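Report on one structure; see the data block that follows.
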Amino acid sequence: MITSNSTQPLLRISDIHRRFMLGETAIDALHRVSLDIHSGEFLAVWGPSGSGKSTLMNIIGLIDTPTAGEVWFDGQDTHSLKDDSITDFRGKKIGFVFQNFNLVPVLSAQENVMLPLQIQGVTDTAARDRATQALVDVGLDKFMTQRPDKLSGGQRQRVAIARALVVSPRLIIADEPTANLDSENSTMIIELMRQMNHSKGVTFVFTTHDPRLLEHVDRKVLLRDGLIVEDEVTQ
Amino acid sequence: MNTLKLAFRGLSRNRRRSLMTLLTIALGFAAISLFAGYTHNIYSGISRGAIHGEMLGHLTLRKPGMTKEGKLYPERYLLSNDEVEKLIELLRNEPHVKLLAPRLAFSGLISNGRVSTIFLAEGIEPSALKTLQDGMFTQAEIERGAFINMKKKLDPDHPEVVELSTGLADLLHINNQGQAAMLVNTMSGQANALDVTMSKSFDTGNAGTNDKFALVSLGFAQNLYDAAGHADRLTVLLDEVTQTEPMRKLIHAKLQAAGLEMEINSWNELSSFYTQVHGMFNMIFGFIFLIVLTVVVMSVANSMGMTVIERTREIGTLRSIGLRRAGVVRIFTMESLMLTLNGCGMGLLLTVMVRYGINVANISYTPPNSVSPTPLLVDLDVGHIVFTFVLMGIVATLAAYLPARRAANTKIIDALGHI
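For the record, the sequence lines run as chains A and B. Be aware that the first sequence starts at 714, since it is given in our numbering, and climbs by one per residue. Be aware that the second sequence starts at 1489, since it is given in our numbering, and climbs by one per residue.
So this is what it looks like as structure tokens:
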């Protein structure tokens, strides 16, 4: 669901360069990458291993800073933000879904989903209500009190999606969200994300190396050796 | 964010490690609390021994220079009858003053007719002696019958009846109601002797004085010393030991206002035994406290360091979803604080149980330079317990702060990629 392609992009990265130092060896993970992502897009970044997908996701998600280039989010130059401000900004505007789910093992599904809200200072009661709704939205209303170790991989990833959604973010970053799932669960997770993209208008950007999942996206960006080699709007 | 809940749940992740750390803290806390309770009991015992047993009272008033020059020039430094009466009149209605007792100490030779030996004698009114010894023993000591032979008594109707320390009585081979003669140099330097009858012997509690000490009524002492109405000092007994310093200041001010220049010493200044024992046990306590605290800090730091490493990826996740660096530090320091407070709580429980066990076990021992066994008792030293609680809480929190801060400063992408 692309709503405003012609207006200011939700996220703009321009001339991004990211260099990592491995001992004395410099590794350039991204080379002068520029990309506009508009509100409501359902976008996949794909490519072979080592192509720079995760690095790009980290920069888009504001959990890493580029060696050079600019990142503008919602009209805000993120470079000017200090650590606490960027943390608050991220907490309110960006949700994350990780390959390994990254749920807190000692908290129940509901408590995991409540966590981002509690970090923002939302009261327990309000956080519980919103977490319950988010879990209902992802079809896990019967598993709220279960801890992650009692859930299947697909269920855990749905909890992670609920946790990302609960703060009503502008953007959800999902780095290889299906890498640890079987094909049935992978399709289910992508369809769920797609459904949330439609129903809530949340922008999704995810990475994958599974070409079958690309059938579900509006736009796919192919990365190779740290360069965008293809940017295709499919729907 | 519910830091408390996260911290509490965090502790349950590695139960064995948390339990081991908890036990280390609990045992350390109990060790410190029990030792503090033991020293508290000793301090309490020797302070009562000094005030009531050695009969120092809480404050002693003397003419300035009495301690140094009094033996050479007694007529210059003894308090006259008028001075004693004036002092008593001035202080008798002061708050907390329970007793004002004029005293006269002297020394000389005591003989049974066949053998003579030196003695140190203390002259005091029989009624003052009784009051001064009140509160000498605790209920537990009375029930156990400990130090029973340290209680002294003089007969107001028979001033010639005296009490001798057991060692002195043994030297002279005198039994109860046995006769002896005391020979002294009077205030004016003349020799004077009087017959005495020993009512009973007593233990001074100190091996150094147990073969020299004699207790006589004040009238008898003044008579023998040829110093009618005189005293070398005035002992002030208060209703509470905590009033010693405030009352010293008050009495000093009052005496100055009345134009009386007097030297005032507190019981702990006069009891070198108390000061030395207090100093020694404080040193031992500090040493033990330092060792235990080091063990506890190392244990907590190790435990929290491992916890932080194990949860690096979780820290990355929490930072990703909006937790500030300070929030990460807060979670781990809270976890450490909770661990420490629970450990101290468990330690307190252990202290109460072990203390009860020791106190009912009826254990006794004879300390160095003592003539009678002392019961091994442990008090609940609330002051030290609170101090230990607070200090352990602070130090253990600081021990967790460093690894937590290091974790909070880790780059999020590095934390998320941690294996």
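Note that CB positions come from ideal geometry on N, CA and C, so glycine has one too. Quick caveat, the model's predicted, so the values are computed rather than measured.
For GLY1601 (chain B), the closest C-alpha among the options B:SER1615, B:HIS1661, B:MET1543, B:GLY1747 is that of B:HIS1661. Residues of chain B whose Cβ lies closer than 8 Å to the Cβ of PHE786 (chain A) do not exist; the shortest such Cβ separation is about 14 Å. Burial check for ALA1745 (chain B): the Cβ neighbour count within 10 Å stays below 16, so the residue is exposed.
Assignment of GLY1596 (chain B) by DSSP, reduced to helix, strand and coil, places it in the strand class. Think of a sphere of 7 Å around the beta carbon of ARG1812 (chain B): the chain A residues whose beta carbon falls inside it are ASP797, THR800, in chain order. In this structure, DSSP gives HIS751 (chain A) a state outside helix and strand, which the three-state scheme calls coil. Proximity to ARG841 (chain A) across B:TYR1561, B:MET1834, B:ASN1753, B:ASN1490 peaks at B:ASN1490, based on C-alpha coordinates. A distance of 8 Å or more separates the beta carbons of ILE832 (chain A) and GLY1774 (chain B). Residue ranges of uninterrupted alpha helix (DSSP H) with 4 or more members, entirely inside the region 1546–1631 of chain B and ordered along the chain, are 1554–1557, 1562–1565, 1569–1579, 1614–1621. In the DSSP assignment, LEU1511 (chain B) falls within the unbroken alpha helix (DSSP H) covering 1503–1536. Assigned with DSSP and collapsed to three states, LYS766 (chain A) falls in helix. Distances from the alpha-carbon of LYS1618 (chain B) to those of B:LEU1597, B:SER1604, B:LEU1652, B:LYS1641 put B:LYS1641 closest. DSSP places GLY782 (chain A) within a strand segment (E or B) once states are collapsed to three. In the three-state reduction of the DSSP assignment, GLN721 (chain A) falls in the coil class, being assigned neither a helical nor a strand state. Closest by C-alpha distance to HIS744 (chain A), out of A:ILE941, A:ASN893, A:ILE886, A:LEU724, is A:ILE941.
Cβ-Cβ separation between GLY1525 (chain B) and ASP1869 (chain B): approximately 5 Å, consistent with a contact (criterion under 8 Å). The way I'd put it, the region 1539–1559 of chain B doesn't touch the region 1776–1784 of chain B; fewer than three beta-carbon pairs between them come closer than 8 Å. Taken through DSSP and simplified to helix, strand or coil, ASN1847 (chain B) comes out as helix. The beta carbon of SER1599 (chain B) lies closer than 6 Å to those of ALA1669 in the same chain, with the five residues before and after it left out. Per DSSP, the beta bridge partners of GLY808 (chain A) are A:ILE885.
Using a Cβ-Cβ distance cut-off of 8 Å, the region 1750–1760 of chain B and the region 1620–1628 of chain B are not in contact, since fewer than three pairs of beta carbons, one from each stretch, lie closer than that value. Taking 8 Å as the cut-off, the Cβ atoms of LEU1827 (chain B) and THR1548 (chain B) do not count as close. Interface annotation for the region 752–782 of chain A against chain B: ASN771, GLY774, ILE776, ASP777, criterion Cβ-Cβ distance under 8 Å. A contact between stretches requires three or more CB pairs, one per stretch, nearer than 8 Å, and the region 1787–1801 of chain B fails this requirement with the region 1573–1590 of chain B.
The beta carbons of PRO761 (chain A) and ILE772 (chain A) sit no closer together than 8 Å. In this structure GLY736 (chain A) is exposed. Its beta-carbon is surrounded by fewer than 16 other beta-carbon atoms within 10 angstroms. In the DSSP assignment, MET1686 (chain B) falls within the unbroken beta strand (DSSP E) covering 1679–1690. In the structure shown, GLU1733 (chain B) falls within a helical segment according to DSSP collapsed to helix, strand and coil.
ARG1801, GLU1802: these are the residues of the region 1776–1804 of chain B whose beta carbon lies less than 7 Å from some beta carbon of chain A, given in chain order. Within 10 angstroms of the beta-carbon of GLN1627 (chain B) lie fewer than 16 other beta-carbons, which makes it exposed. Around the beta carbon of PRO882 (chain A), 16 or more other beta carbons lie within 10 angstroms, which makes this residue buried. GLY1666 (chain B) is positioned such that its CB atom lies no closer than 8 Å to that of MET1638 (chain B).
Minimum Cα-Cα distance from ASP895 (chain A) among the listed residues A:ALA873, A:VAL880, A:GLY866 corresponds to A:GLY866. With 16 or more other CB atoms across the displayed protein chains lying within 10 angstroms of its CB, THR1862 (chain B) is buried. Contact note: ILE1907 (chain B) does not reach chain A at a C-beta cutoff of 8 Å; the least C-beta distance is about 10 Å.
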